[in-house]
Each structure stands twice: as structure tokens, then as C-alpha cells.
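This report concerns only the one structure given below.
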Amino acid sequence: MEPRLVDGKWLSTEDVAGLLHVDPSTVRRWRTARPPQGPPFVPLSERLIVYSAADVDAWLRSRRVDPEKVTA
């Protein structure tokens, strides 16, 4: 069972950009790419997009490369 999103921490585009050390325009570009890229997001309105901190963490984990597990 997935955790309830309403109980978690929410991040703005700027918050996500700061955590990932990228420009906010990069996060916006991921979001508007077809198909969308980057962490999952929730459009609350046309101008307000939020990200679940748990989703951002899960997205980062899914992109993690462990050199010890990479086969040549």
C-alpha cells in the first residue's frame, strides 16, 4: 500500500531544483518534455506544480548507478 500523499512533504519546482543542484528551468523542461521526464509531479493549477518529497527520493533512487553492480 502506498503512503498517503497528503501526509508527506511537498516541494516546489525551485525546491526540487535546489536539492538536485540544477536550474529551475531544467526541472520545468523535464516536466514539459514529451514524454515527461524527471520526478513525478502534481499540477495543482496551471501555475502551481508540486512534487512529493517521497516521489523525488524514489526517482533519485531509480536513477542511481552502483559501479559494483554494473557488468561490462
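Residue 346 in the numbering used here is what sits at position 48 of the sequence shown, and the numbering runs on without skipping anything.
The C-beta atom is built at its ideal place from N, Cα and C for all residues, glycine as well.
Everything numeric in this text was worked out from a predicted model, so none of it was measured.
Alpha-carbon spacing of residue i relative to residue j, whole angstroms
i: P322; j: E366; result: 32 Å
i: R359; j: V340; result: 20 Å
i: T324; j: A315; result: 8 Å
i: V348; j: T330; result: 14 Å
i: V320; j: D364; result: 22 Å
i: R345; j: L318; result: 21 Å
i: D313; j: V368; result: 31 Å
Neighbour-count burial assignment, residue i, 16 or more Cβ in a 10 Å radius
i: S350; result: buried
i: V354; result: buried
i: P334; result: exposed
i: G336; result: buried
i: L303; result: exposed
Residue i, enclosing alpha helix (DSSP H) - first and last residue
i: E312; result: 311-318
Rounded Cβ spacing between residue i and residue j (contact assumed at less than 8 Å)
i: T311; j: R327; result: No, T311 and R327 are not in contact; Cβ-Cβ is about 11 Å, not under 8 Å.
i: A352; j: G306; result: 5 Å
- [ ] Enumerate, from N- to C-terminal direction, the unbroken alpha helix (DSSP H) stretches of 4 or more residues contained entirely within the stretch 327-361.
- [x] 351-361
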